[in-house]
Each structure stands twice: as C-alpha cells, then as structure tokens.
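First comes the structure, then the notes that go with it.
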C-alpha cells in the first residue's frame with residue numbers, strides 16, 4: 221500500500237540491552253526479532269502500510285506481561301498489545317517502533333461460572349474458542365464481530381458486530397478486567413457482580429482504550445443461556461431505505477431481534493460469487509430471532525408484517541443450525557467476498573454509526589455519493605444499531621485510488637457526525653480515525669488526553685493511537 | 221444522630237467575596253445562605269449527622285453552573301452538586317463546607333427523540349417528571365430506584381433499583397452527558413448513537429462519580445417502548461433461600477423478568493402496618509413481567525413452575541395498572557414502613573451485591589447474623605441482580621445502637637466482598653462506604669485516585685466522597 225505510515229512518525233531506537241532483559245524474563249524461545257515474526261505483527265486487516273515492531277514477545281501470564289512492561293518502561297520504549305491482528309484502523313501497527321506483546325499464548329479459560337452466567341478468560345482466548353469451551357453448559361458468548369478475534373482485543377476495541385442489537389457491545393458484556401498498567405502495576409478493575417456503585421467505572425475506561433492506557437490480560441465476560449429456539453431469515457427489499465425503515469420500526473416496537481444485518485446488492489453479488497449462494501441481487505436484510513418457540517414465531521410474524529408494509533419479499537427461512545451457520549458464514553465472509561470483486565484489490569474499510577432516525581437519510585446520501593463517484597463500494601452493516609460500513613475497493617498501487625477512497629471516507633464521517641453520529645461504531649480509532657476525534661468530541665478530547673497522560677505519562681502504551689501526541 | 225461527621229473533617233473557611241461573586245452570576249434570589257436552606261441541603265436520607273454547606277445556589281443552565289464552578293475554583297472552595305437529596309451514604313453532605321449547587325431548577329426536558337428511543341434532559345428532571353412528560357409517546361424510562369430522584373443524581377450515583385434485572389442500571393441507560401469540570405470547562409461525553417468505539421468512554425467515567433469529577437448538567441437517556449402487556453404477582457416462599465433459588469433459576473433460564481424484588485417477613489409486617497395491606501408474613505418475592513400478551517403469560521408460567529419446585533404458594537396476581545401501582549408503591553414504601561417499626565427510630569441502610577450463585581448463602585449467613593444480634597433488621601432487595609439491603613433499625617440517640625448497626629454493616633460488607641461481591645450494588649460510596657474501597661479494589665483504588673486528581677487537582681469537587689483525600 222502507498223500509505224506512508226511509518227515515515228510520518230518518529231521511530232524510537234531499540235535499546236540494545238532490552239532484548240537481553242526480555243529474554244531473561246521469558247526465555248529466548250518467547251522473544252523474537254526475526255523478520256517473519258515482526259512482519260506478521262506489523263500489519264492488521266486495514267489498508268495501511270506495514271509498521272513493524274522491533275521485537276515480539278509471547279508472555280503466558282499476567283505477571284510475565286507486567287515484567288515485560290516494566291522492562292520496556294524502564295527504557296522508555298513503546299509497548300503494543302496484539303491479539304489476533306484483525307483490527308481495521310491500524311491499531312496494532314508499531315508506528316513508533318516498540319515491543320509487540322502477542323497475547324495468543326494466554327489462551328486459557330480460567331473459570332466458567334455457569335450459575336452466574338459469566339466466564340473469566342485470559343486475553344488471548346478467541347470468541348470461538350470460548351464458545352467451544354462452554355458449549356456443554358447451555359450457555360454462549362454472543363458478541364460476534366465477524367473475525368474470530370481474541371476476547372482481550374475485542375475488549376480493547378469495544379467490539380460489537382451482528383448480535384449487538386440484542387446483546388449489546390463489549391461495553392455491556394465485560395464485567396471486569398485484569399490490566400497491566402504503563403508502570404507494570406497489575407490491577408483488577410471490577411468484580412463479578414451484575415452491578416456495583418463502588419467508585420469509578422475502571423472497567424469501562426479500559427474497554428475501548430485500545431492498549432493506550434494499559435494491557436488487558438484477563439477478562440470476565442457475561443454469558444447467556446442458549447435460546448430455546450433460534451431462526452434466521454433473509455428478506456429482500458425494493459430499496460435500501462425500505463430495508464432501513466423496516467429495521468427502524470422493528471426496534472421502535474421493542475421487538476427483541478437478535479440480529480438485523482444489511483447488505484446492498486453489490487455485496488450480494490460478491491457473496492454469491494464467493495460463497496456459491498444464489499441470493500437475488502437486491503437490498504437484503506439477514507434477520508435472526510432468539511427466544512422461546514412461541515416467542516421466536518411471534519417476533520418473526522411481527523417483523524414480516526412490518527417488512528411487508530415496506531414492499532419486502534417473503535422471508536426465506538433458515539431454521540436448522542447448519543442452515544443458519546451457512547447464512548451467517550456468508551454474511552461474515554462479506555469482507556473477503558468483496559476483496560474478490562476486483563482482482564488484486566484491497567479494501568479501505570470504514571465504519572460509522574448514527575441515531576437510527578437518521579439512518580435512512582445517511583444511507584441514501586451515502587448511496588448517492590457512491591453513485592456519483594463511479595467507484596465499486598459495497599455497503600453493509602448492523603442497521604439495527606444505526607451502524608454501517610463501506611468497503612471501498614481500491615487498487616493498492618494507485619495513489620489516486622487511495623486518495624479518492626480516503627476522501628469518500630472523510631465525507632462519510634463528516635456526514636455521520638453532522639447527523640449526531642460517531643466516526644466509528646465498532647472498528648475503533650487506531651490511528652485511522654484519529655484525525656476525526658476533535659470534530660466528534662470537541663473539548664472532551666482534552667479530557668481524554670488528560671486521562672491518557674495521567675496513566676501513561678511517557679506515552680509508551682500503544683503510542684499514536686486514539687490520542688494524537 | 222450521633223455520628224460526628226462534620227467534626228472529623230477540616231472545614232474550609234468561606235471566602236467572603238465569593239458570596240458577592242455568586243450573586244453577580246445568578247442574582248441574589250438564587251443564592252442563599254439562610255439557615256433553613258442550608259439545613260435542607262445539609263442532610264440526605266442516610267443516618268449521618270447533618271453537614272451544612274456555606275451557601276446554596278440555584279443555577280438554571282449549564283453555563284451558570286460553569287460560572288459558579290469557576291468562581292468557587294478561583295477561591296479553591298468546595299462545590300457539592302445536589303439533586304433531590306435522596307442519597308443514602310452521605311453523598312451530598314458538605315463535610316468540608318462549600319457551595320451546594322442545587323440543580324432542581326434545571327428541570328427541563330430538552331428533547332425527546334421518540335424515533336431513536338432517547339431523551340435529553342437537564343440534570344434536575346426527576347424520573348417521574350420524565351415519565352409524565354413522555355407518557356403520550358408510547359415510551360418510558362424504566363430505571364426505578366424507589367425515590368423520585370433526579371436523572372442527574374441517578375447518573376452520578378449509578379442508580380438502579382427494581383427494574384435493573386431487565387433494563388440495566390444507569391450505566392447501561394445513559395448515552396451521553398454534559399459535564400461541568402472542576403475548572404469550569406463544559407464537555408459533552410458522547411453522542412446519541414446506540415454505540416461508538418471513538419475513544420475513551422467518558423460517559424461511563426462520570427456515571428457513578430458522585431460529583432467528584434465534575435457536575436452533570438444534562439443527560440441523554442435511553443427510553444423503551446411501553447410493553448404491550450405487563451403483569452405483576454406476589455409469591456410467598458417457605459424460606460428466604462427458597463425465594464433466592466427461585467429467582468436464581470429464573471435468571472439462569474434466561475426468562476426476561478422485569479422485576480424480582482424480595483422482602484423478608486419483617487418487612488412484610490412493616491408494609492402491612494404502613495400500607496394497610498394484608499400480605500402473609502412470609503419470605504415474599506414481587507415479580508413483574510413485561511412483553512407481548514403471549515410472552516408475559518409464558519414467562520409467568522415458567523416462573524410459577526420454578527417457584528412451585530421451591531415450595532412456593534400460588535401467585536397472587538395484580539394485572540390492572542392500578543393494582544400493579546399499589547403493589548409497587550407498597551414495595552417502594554418499605555423504607556418508610558420500616559421506620560415505623562419502632563417509634564422514633566432511624567434506619568442505618570446498607571446495600572451489598574454478590575454474584576447470584578452466592579446470594580442464597582450470603583442471605584442465609586446474614587439472616588443468622590441478624591438473629592444472633594437480636595436486632596430489628598428488615599431485609600429486602602433486588603435479588604435478580606444479587607443485590608440486597610438491610611434496614612438496621614436504631615435509636616438515633618443511642619451511641620451503642622449505632623455502633624452495633626455499623627458493626628453489622630461492616631460484617632455484611634466483609635461477607636459480600638469475601639464472596640466476590642461489592643460493598644455497594646446501587647447506593648454508591650458517598651463517605652459511608654469509603655472505608656471499604658481499599659478492601660474491595662486493592663491497588664485499583666490508586667488508579668481511581670490518579671484519575672480524580674488529574675481532573676480535580678485541588679480536590680474541590682464534592683471532596684471527601686468516593687476517594688479518601
């Protein structure tokens with residue numbers, strides 16, 4: 221890619237003794253400076269140029285993370301936490317150099333409290349691994365950002381995804397964290413109780429802080445009883461606005477839909493090609509309903525009636541688990557499917573969220589912008605939350621292509637913010653959205669900066685992300 | 221009361237010119253130093269001794285609050301926000317002296333976005349006033365701590381109450397805040413979107429900060445569609461443990477009960493005497509169900525079946541709105557009903573929350589403690605959340621009585637914390653629970669202290685609350 225990411229930032233020099241210190245803590249086998257390992261940790265799934273760390277370490281315990289942080293802090297050297305590398309705004313790029321702390325070996329489920337509907341996991345446990353671990357308990361962890369991200373990474377970016385419309389985001393689903401701070405201290409941010417009024421909500425401060433205030437090493441998450449019944453349906457609409465209005469009315473009626481995901485005709489075309497499905501190329505909503513047998517039936521009838529008023533075709537059902545999985549796998553493959561729309565392309569992925577009353581308007585204006593641009597831009601999103609994405613297809617070797625994509629992204633963000641929206645509903649800030657933070661937050665950004673430097677005075681924790689230095 | 225509250229704390233001297241400065245900002249009519257007004261603002265509903273502010277001001281806008289804060293800050297004089305004075309841990313007592321900022325004139329609903337299911341209110345709007353304002357929209361604000369508290373105060377203490385088991389606490393129901401900081405700056409902490417990943421969660425930092433980080437002047441809250449059907453029922457159990465286990469199993473099955481409130485036989489006796497009801501004096505749970513007609517019926521059947529397995533009597537129903545109101549009014553009057561159990565008494569009210577798997581055990585140990593004490597101690601709570609209260613009846617003129625009550629409170633808090641619980645599920649810290657913060661949070665308390673002093677370096681915002689100086 222042509223983004224001159226690394227060149228824009230001051231890169232601190234790797235302090236030579238630090239390598240030996242890290243090896244003394246973890247042993248040589250868990251400290252790497254090989255090109256392959258550094259390259260693997262030097263990019264995420266965004267379109268940004270690689271920015272390699274100087275070393276990568278693989279701790280297995282919170283105490284080891286703390287020792288690594290202390291060693292780096294003593295040398296004033298940056299520290300970047302790394303989960304599965306699936307972030308989309310450059311969160312894990314080592315733009316100032318630094319030591320990447322890969323948490324993938326912290327992959328143990330530490331406790332499952334089935335009676336309390338919670339589990340305590342190490343940060344590197346992925347959402348699918350957690351669900352596999354608990355599948356016999358009758359419980360599940362519903363947050364589903366698509367990628368099989370780590371629970372620590374999902375916490376750090378305040379992830380959400382398809383099921384947030386029913387189950388909320390990581391903000392609502394993390395009960396407590398263990399965090400290693402910038403000076404190596406270890407804290408627990410909360411307890412397993414369903415609620416507490418005992419002081420400042422440190423849990424929520426670290427959820428969404430993207431590694432800039434500390435490294436999340438353990439997470440206590442809420443679990444939910446597996447619904448007695450689940451069904452999914454695909455529904456096609458004459459226009460994007462009809463689809464949006466159906467979902468908006470559904471929400472306003474209080475129907476507890478589990479998922480309501482929109483894909484535009486271009487995304488459908490990409491999915492058909494990639495997943496060998498034969499979906500009709502129309503604005504489409506994927507619905508899912510969770511509840512009792514009777515409850516699911518009732519929800520589906522209500523939504524079908526609303527959809528009918530907006531000119532929708534009849535629901536196409538997927539009731540069996542394998543049919544549902546196939547349907548949602550297709551939806552989750554959208555990113556990769558869109559990558560195949562143009563040989564050799566990359567995607568500039570963007571993400572905004574607006575109040576749902578403005579969603580149809582925001583989508584319509586965006587559709588017009590895309591049409592006028594003449595570009596290939598699949599649109600999809602979690603419209604029950606007012607959250608949608610553009611997958612702007614670009615030739616990675618064309619500076620003008622990338623410039624045009626970034627301009628479209630900027631127009632989208634300005635449009636969303638003007639409609640009382642946010643520059644990112646779920647992807648996070650990383651450094652990709654840092655330029656919009658002032659526009660969105662005004663003076664509040666100064667408070668974020670105060671908090672950042674009160675907890676990380678030397679700007680060592682994932683520097684250059686969330687808060688511009 | 222005999223608590224030597226004011227005497228324990230250094231009281232700063234009122235800077236003489238400040239009074240004129242405040243009058244210049246608000247006009248003389250909205251600045252008071254009369255004994256009656258100061259006394260009214262010098263106590264809450266706790267058992268703690270009065271601690272009067274030096275002056276009380278009545279701003280009507282965020283800008284006026286900012287000007288007041290700037291004037292006080294310039295003189296390094298404490299500032300205490302005041303909603304309706306219904307807090308239970310001494311939150312609004314001016315223990316270091318100071319200017320109390322009474323927000324009751326900030327009582328305007330600024331906007332109702334029915335399509336987005338949210339409303340923007342000034343901090344002084346009470347929950348009942350908001351619900352009266354929106355009653356024709358088909359929406360409601362569900363958070364119900366009992367008292368008709370202000371939305372600003374409820375945000376500041378992270379309030380919850382009877383309906384939290386279904387709708388969450390203020391943490392889940394505040395979308396954004398306008399806050400006046402310790403130096404008079406005004407910030408907005410978030411936007412009206414259902415979700416955002418754009419930076420640190422300032423909203424959640426201020427929710428539950430009890431006026432110690434800034435003054436909340438406007439709140440954007442979530443609203444919910446009024447359920448198609450609602451019904452309430454009273455159910456009596458052989459023992460407290462049977463009642464707890466019924467609610468625990470209900471939660472574990474994922475039944476979306478709207479309320480599940482427990483009262484012990486002594487509370488029932490008090491309610492009967494106060495509300496002229498004729499409830500049988502047994503461990504009792506008040507249930508409420510919200511949903512579609514069919515959904516409510518189904519939920520109720522499931523819960524009745526579970527209750528039956530735990531030896532419960534048949535449900536006694538309240539389906540009509542006036543019957544439901546009467547039932548919940550009786551429940552909400554519990555505090556005042558208990559005050560009548562002993563002529564001239566006061567209540568030392570306490571509040572803990574434990575993981576629900578430990579609830580039955582915690583209640584049983586507490587019941588034993590009460591029995592052994594020989595004291596009059598009604599027990600009640602929101603057991604669907606693992607949250608319960610003791611109303612320890614004391615003679616306010618008996619130091620030994622108060623000492624015994626405080627010792628019982630301490631034993632309860634230690635018991636709850638040992639069971640991975642919290643020293644307060646919903647009442648907040650104020651200064652009443654400050655002594656337990658180290659035990660609960662360990663090193664994390666130092667981080668809370670860092671945050672406090674980064675935002676309020678001169679300790680002017682409600683000093684002596686949440687964080688010990």
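Residue numbers (the numbering used here), protein chains in the order written: chain U, 221 to 689; chain C, 221 to 689. Even for Gly, the Cβ is constructed at its ideal location relative to N, Cα and C. Fair warning: this is a prediction, and the values are worked out from it, not measured in the lab.
Where residue i falls: helix, strand or coil (DSSP)
i: residue 546 (chain C); result: helix
i: residue 342 (chain U); result: strand
i: residue 372 (chain U); result: helix
i: residue 296 (chain C); result: coil
i: residue 632 (chain C); result: helix
i: residue 420 (chain U); result: coil
i: residue 605 (chain U); result: helix
i: residue 353 (chain C); result: helix
i: residue 492 (chain C); result: helix
i: residue 240 (chain U); result: helix
i: residue 288 (chain C); result: helix
i: residue 221 (chain U); result: Residue placement at residue 221 (chain U) cannot be trusted, given a pLDDT of 40 that sits under 50; what the coordinates show is reported in the next sentence. Residue 221 (chain U) falls in the coil class under three-state DSSP.
i: residue 611 (chain U); result: strand
i: residue 434 (chain C); result: strand
i: residue 280 (chain C); result: coil
i: residue 470 (chain C); result: helix
i: residue 385 (chain C); result: helix
i: residue 273 (chain C); result: coil
i: residue 691 (chain U); result: Because chain U in this structure spans residues 221 to 689, residue 691 (chain U) falls outside the shown range and cannot be described.
i: residue 268 (chain C); result: coil
Buried versus exposed, by CB contacts within 10 Å (16 or more), residue i
i: residue 356 (chain C); result: exposed
i: residue 362 (chain C); result: buried
i: residue 510 (chain C); result: buried
i: residue 588 (chain U); result: exposed
i: residue 490 (chain C); result: buried
i: residue 545 (chain C); result: exposed
i: residue 691 (chain C); result: This structure cannot speak to residue 691 (chain C), because chain C is shown only from 221 to 689.
i: residue 540 (chain C); result: exposed
i: residue 618 (chain C); result: exposed
i: residue 224 (chain C); result: Because the pLDDT at residue 224 (chain C) is just 46, under 50, the model does not fix this residue reliably, and the value given afterwards should be weighed accordingly. By the neighbour-count rule (16 or more Cβ atoms within 10 Å), residue 224 (chain C) is not buried but exposed.
Option in the options with minimal Cα separation from residue i
i: residue 374 (chain U); options: U:655, U:346, U:569; result: U:346
i: residue 264 (chain C); options: C:629, C:647, C:328, C:234; result: C:647
i: residue 644 (chain U); options: U:327, U:583, U:574, U:543; result: U:574
i: residue 532 (chain C); options: C:512, C:439, C:454; result: C:454
i: residue 501 (chain U); options: U:679, U:486, U:624; result: U:486
i: residue 596 (chain C); options: C:606, C:387, C:613, C:582; result: C:613
i: residue 488 (chain U); options: U:415, U:315, U:598; result: U:598
i: residue 285 (chain U); options: U:295, U:296, U:272, U:300; result: U:300
i: residue 339 (chain C); options: C:293, C:418, C:396; result: C:396
i: residue 358 (chain C); options: C:415, C:443, C:547, C:615; result: C:443
i: residue 320 (chain U); options: U:311, U:302, U:417; result: U:302
i: residue 323 (chain U); options: U:272, U:400, U:382; result: U:400
i: residue 326 (chain C); options: C:255, C:474, C:349; result: C:349
i: residue 441 (chain U); options: U:433, U:334, U:627; result: U:334
Partners in chain C for residue i, counting only beta-carbon separations shorter than 8 Å
i: residue 473 (chain U); result: 445
i: residue 630 (chain U); result: Chain C residues near residue 630 (chain U): none, gap ~15 Å exceeds 8 Å.
i: residue 686 (chain U); result: 419, 420
Chain C contact residues for residue i, given Cβ-Cβ distances below 7 Å
i: residue 661 (chain U); result: 419
i: residue 299 (chain U); result: Going along chain C, no residue has its Cβ under 7 Å from residue 299 (chain U), so there is no contact; the nearest lies around 18 Å.
Cβ distance (whole Å) where residue i is taken to contact residue j below 8 Å
i: residue 610 (chain U); j: residue 464 (chain U); result: No, residue 610 (chain U) and residue 464 (chain U) are not in contact; Cβ-Cβ is about 15 Å, not under 8 Å.
i: residue 604 (chain U); j: residue 520 (chain U); result: With a Cβ gap of about 15 Å, residue 604 (chain U) and residue 520 (chain U) do not count as contacting.
i: residue 398 (chain C); j: residue 437 (chain C); result: 5 Å
Partners in chain C for residue i, counting only beta-carbon separations shorter than 9 Å
i: residue 611 (chain U); result: Per Cβ cutoff of 9 Å: no residues; residue 611 (chain U) is ~18 Å from chain C at best.
i: residue 657 (chain U); result: 418, 419
i: residue 645 (chain U); result: 413, 414, 415, 416, 417, 418
Per-residue contacts from residue i into chain U (C-beta, under 9 Å)
i: residue 405 (chain C); result: 663, 666, 667
Within chain U, partners of residue i - CB distance below 7 Å
i: residue 389 (chain C); result: 415
i: residue 336 (chain C); result: 575, 576, 577
i: residue 607 (chain C); result: 415
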